[in-house]
Amino acid sequence: MVPEKKEELLAAGLSSEAADGIIKITEEAEAKGARMGPPKNGFDFLGRLGTLLTDLETFIKTKSKQDQEAYKKVMEKKKAEWEAAAKK
């Protein structure tokens, strides 16, 4: 869903600290999702995704401008991949 591989994040220009934080946030969201069980419907899924993305945005705002720019590029790439997959 979101970039999780540290190598991918580092290659995009994120610092190791920022990459570790992003990975931690996504792992925590996955663990919470596992405890909650599958989303009840599309709205539940979108709510969970929205919370994750908000948490990531809040975190990245505490990092350097370079990390913020690299994160933005990673997320733009992911968005394009999601849109392409949705068209299939």
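The sequence shown begins at -11 in my numbering and counts up one residue at a time.
Quick reminder that beta carbons are idealized off the backbone N, C-alpha and C, glycines included.
Model, not experiment: these values are computed from the prediction.
Distance check for residue j and residue i, CA to CA, integer angstroms please.
i, j, result
"residue 9", "residue 74", "28 Å"
"residue 44", "residue 72", "23 Å"
"residue 76", "residue 42", "27 Å"
Does residue i come out as helix, strand or coil in the three-state DSSP assignment?
i, result
"residue 2", "coil"
"residue 50", "coil"
"residue 25", "coil"
"residue 66", "helix"
"residue -7", "coil"
"residue 75", "coil"
For residue i, which residues of its own chain have a beta-carbon under 6 Å away from its beta-carbon, when the five flanking residues on both sides are left out?
i, result
"residue -2", "7"
- Message: Counting beta carbon pairs with one atom in the segment 48 to 55 and one in the segment 11 to 27, are three or more of them shorter than 8 Å?
- Response: The segment 11 to 27 makes no contact with the segment 48 to 55; the number of CB pairs closer than 8 Å stays below 3.
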